[in-house]
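According to my numbering, the residues represented by the sequence shown are 1 to 147, in order. Idealized CB from N, CA, C, for every residue including glycine. Quick notes on the structure that follows.
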Amino acid sequence: MAHSFLLEAGNWTIQGYLLKRHEQPIIVRGQTAVVWKGENWFTISTQLVLDNNTEPEIQYKYRGHLDSNEKYYTYILKHSVLGNIEGEGWIGQQSIIQCYWVVGATRRHTGFDHYYRLNENTYHLSSAILAGHHLGNTMEATLKRQI
């Protein structure tokens, strides 16, 4: 099964929910763009808006490299809230899974993203940020490719 997210250039919309401990779910909307530059180098730019009017807009920009077998990638990321991040990802048959860690944080922050392919133009995203050994927040969203 070929992936269209990440492995192909394109624009995607994001819609879902951000969950924080002891709070009501927050509606999240956004867009992401995947661009390929040269052989095996990609960038991903994402902008998320939270509908609770108290959280700032979240922006992040990846720069990554895909291995020659198209099964593993590494990346660096500038995140508007967390700062500098490093991570890696694996490309499976039906999903793409990546983990990351915040560089230079005073408190250990890590996280993961799981993109599950529903069809060529739709993915389900499950994401979590951990602060130490505890969940800081999670996000569930649907990504739809703009054609």
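- By the neighbour-count definition (other C-beta atoms within 10 Å, threshold 16), G38 is an exposed residue.
- Here H109 is buried: its Cβ has 16 or more other Cβ atoms, across all protein chains shown, within 10 Å.
- For G104, the secondary structure class from DSSP, reduced to helix, strand or coil, is coil.
- If you draw a straight line from the Cα of A128 to the Cα of Q98, it is about 11 Å long.
- Leaving aside the five residues that flank N84 on each side, the residues in its chain whose CB is nearer than 6 Å to its CB run, in chain order, V103.
- In this structure the segment 16-32 touches the segment 126-143; the number of beta carbon pairs closer than 8 Å is three or more.
- In summary, I14 is buried, with 16 or more beta-carbon neighbours lying within 10 Å of its beta-carbon over all protein chains present.
- Put simply, of G87, V49, E55, A141 the residue whose alpha carbon is nearest the alpha carbon of G111 is G87.
- Across the set A131, N52, F5, the C-alpha of A131 shows the shortest separation from the C-alpha of W101.
- If you look at L7, you'll find it isn't in any beta strand (DSSP E); DSSP assigns it neither H nor E.
- DSSP places K61 in the strand class (E or B) of the three-state scheme.
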